[in-house]
Ligand code: HEM
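Residue numbers (the working numbering): 17 to 415.
Right, here's the structure in full:
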């Protein structure tokens, strides 16, 4: 038996839900915690405990058929299951550790300072996405990967195409992802081959990690020439569209909550805590799918084997059982239990980098910007599984 949830109807592709999904999430959590969408057949988990358990049960809730509603070809990382997932992740894990991130702190802080200074120097409104979020997300990511000269336009086009395709109910857009992946991959390949040829170790970035990793495993898994550039390219996809939404959402929340921003400015609330609350309150990735590998019982309902199951991170983050007054934006709270970076074996590899970038930006803003005014209607990113802005006109006001 499954629960269709009485009067509850939830479809992430409904226009009103895309505009504001939170009322629907509240009803799902209260009335239909294991909901089945009647038209499309997929299941939805919305409570924090159920989503967290589902993400940890990676043998029951598998990723190898992709994280979109429709099956997608298995790629690297997010749409892999062990054992190949474990090996893929291991190659670059050391480039994303805490000590590795600490080495990039000064570089990222400098980018953040410049972006904020330019925003303040601008005459008239700026775009929080194009002028602020994109620059920070791109410069930080390509530095950590070790490919500073790739084209920002190509990388953003690819990253957006990845999430547009994951968010498409019919699974459209894969050809475009592949095409853009080839374009970016060729640019990355030049850097990787040069590093290999010169035989000089770089600064411990991801290119170093893939160049060092040449020996095949017992079962033949290894990075060959094209595999190496594909690997680096596969980290550009998830790193841009997400981080720009974290930054854009944070800037919008500063504009809407000047009283909370004042507490960051006077040092009462740390910029890092502000970042965690932005991630909780407006998760850039609202949810990804899994596939049930066997029948799974959740809250008295049965999910049959083979079902697609939407893990709603954005709803888990508003669960009143975990967060008091969950519908209020309160940066002073401890928000760290949020699931904006997922959980378990697919926990976001770039979480440390995203936190480093966003904290540096909000620290730089707190030093120089007293107020942020909205300067017109923004445009939402328009992807059902993502929450963020395509553009957001704002004005930085110095203080
Ligand atoms: C605010 C920014 C970011 C958010 C909200 C975010 C969110 C997520 C989420 C929710 C997952 C889990 C996917 C799942 O459960 O299936 C994930 C995985 C991943 N993220 Fe991020 N991400 C961010 C930034 C980044 C950055 C900067 C990188 C760059 C390296 C990155 C690389 C990855 C990778 C490679 C995975 C897959 C890990 C695996 O499957 O083992 N992310 N991210």
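Built from N, CA and C at the ideal position, the CB exists for glycine as well.
- Bounds of the alpha helix (DSSP H) holding residue 174 are 168-182.
- Under DSSP, residue 361 forms no beta bridge with any residue.
- The beta strand (DSSP E) runs of length 3 or more contained entirely in the stretch 287-328 are, from start to end of the chain, 304-308, 312-314, 317-319, 324-327.
- Closer than 7 Å to some heavy atom of ligand 1: that describes the Cβ of residue 364.
- The DSSP-derived three-state label of residue 77 is strand.
- When the beta-carbon positions are compared, residue 248 and residue 161 come within less than 8 Å of each other.
- Of the residues assessed, residue 246 falls on the buried side of the cut-off, its CB having 16 or more other CB atoms within 10 angstroms.
- When the five nearest sequence neighbours on each side are left out, the beta carbons in the same chain lying within less than 6 Å of the beta carbon of residue 68 are those of 359, in order along the chain.
- Minimum Cα-Cα distance from residue 48 among the listed residues 30, 36, 26, 65 corresponds to 26.
- Per the DSSP secondary-structure output, residue 88 pairs with nothing in a beta bridge.
- In the three-state scheme derived from DSSP, where H, G and I count as helix and E and B as strand, residue 100 is classed as helix.
- If the five residues before and after residue 110 are omitted, its C-beta is found closer than 7 Å to the C-beta atoms of 116, 225, all from its own chain and listed in chain order.
- Distances from the CB of residue 329 to the heavy atoms of ligand 1 include at least one below 7 Å.
- Residue 164 is not bridged by DSSP to any residue.
- The beta carbon of residue 314 lies closer than 6 Å to those of 50, 66 in the same chain, with the five residues before and after it left out.
- By a beta-carbon distance limit of 8 Å, residue 64 contacts residue 338. Their separation comes to about 5 Å.
- In terms of Cα proximity to residue 276, the closest of 53, 394, 347 is 347.
- With three or more CB-CB distances shorter than 8 Å, the stretch 162-182 counts as touching the stretch 249-261.
- Going by DSSP, residue 26 is part of no beta strand (DSSP E) at all; its letter is neither H nor E.
- For residue 412, the enclosing beta strand (DSSP E) covers residues 409-414.
- CA-CA distance, residue 89 to residue 383, rounds to 46 Å.
- Every beta strand (DSSP E) of 3 residues or more that sits fully in the stretch 29-64 is shown, in chain order, as 50-52, 59-61.
- Leaving aside the five residues that flank residue 196 on each side, the residues in its chain whose CB is nearer than 8 Å to its CB run, in chain order, 170, 173, 174, 177.
- Under the 10 Å beta carbon count, residue 35 is surrounded by fewer than 16 other beta carbons and is classified as exposed.
- In this structure, residue 263 lies near residue 153, with their beta-carbon atoms less than 8 Å apart.
- Annotation for residue 361 indicates a beta carbon within 7 Å of some heavy atom of ligand 1.
- Under DSSP, residue 142 shares a beta bridge with 410.
- The stretch 394-412 and the stretch 180-187 touch, with three or more beta-carbon pairs separated by less than 8 Å.
- Following the DSSP letters along the chain, one finds residue 226 inside the alpha helix (DSSP H) bounded by residues 222-228.
- For the 8 Å CB-CB criterion, residue 80 and residue 96 form a contact.
- A Cβ-Cβ separation of about 6 Å places residue 318 in contact with residue 311 under the 8 Å criterion.
- Rounded to the nearest whole angstrom, the CA to CA distance from residue 350 to residue 372 is 18 Å.
- Residue 94 has its CB nearer than 7 Å to a heavy atom of ligand 1.
- Rounded to the nearest whole angstrom, the C-alpha separation of residue 42 and residue 334 is 8 Å.
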